[in-house]
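The structure under discussion appears below in the form of structure tokens.
Here it is as structure tokens:
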């Protein structure tokens, strides 16, 4: 992510570095508020708008995926490769599951003429903690 920002010409402020570190370290697909709260430990004066602005830049550069949900905060996924998101309907945990059997976008386009610009796969159910 840092390299992607550098290549785009964006400034790498201490706040942006911290936001990127949190997203990279936190595999739980954090919300903007989660990132903000974690970032305030190192940068107590950071604003929530700075977090949102940085997330918007990372999203525009396709360095993160924004997962939008109805009724709950959007979450941010550092893994921009095609994969399944396993979403627990009890605790809200999101896990990544990679599987090479997903249909590649070029195959969809060849068969249907549909030009894919983004992919999102989700399974909803109970995580291992909630199901036991």
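Numbering (my numbering), first residue to last: 3 to 134. We treat Cβ as the ideally placed atom computed from N, Cα and C, and that holds for glycine.
For residue i, three-class secondary structure by DSSP
i           : result
residue 47  : coil
residue 89  : strand
residue 133 : helix
CB-CB length for residue i against residue j, believed under 8 Å
i           : j           : result
residue 6   : residue 63  : 5 Å
residue 97  : residue 88  : 4 Å
residue 75  : residue 33  : 4 Å
residue 92  : residue 31  : So it is not a contact: roughly 16 Å between Cβ atoms.
residue 119 : residue 100 : Their Cβ separation, rounded to whole angstroms, is 21 Å, which puts residue 119 and residue 100 out of contact at 8 Å.
residue 66  : residue 79  : 6 Å
residue 116 : residue 110 : 6 Å
residue 22  : residue 3   : 5 Å
Original post:
Counting only runs that start and end within the segment 8 to 42, where is the alpha helix (DSSP H) found for 4 or more residues in a row?
Top reply: 16 to 27, 34 to 42
**OP:** Note down, one range per segment and in chain order, each beta strand (DSSP E) of at least 3 residues found wholly within the segment 54 to 130.
**Re:** 67 to 69, 77 to 79, 86 to 90, 96 to 99, 123 to 127
Original post:
Does the segment 52 to 61 touch the segment 13 to 31, meaning 3 or more C-beta pairs lie closer than 8 Å?
Top reply: yes
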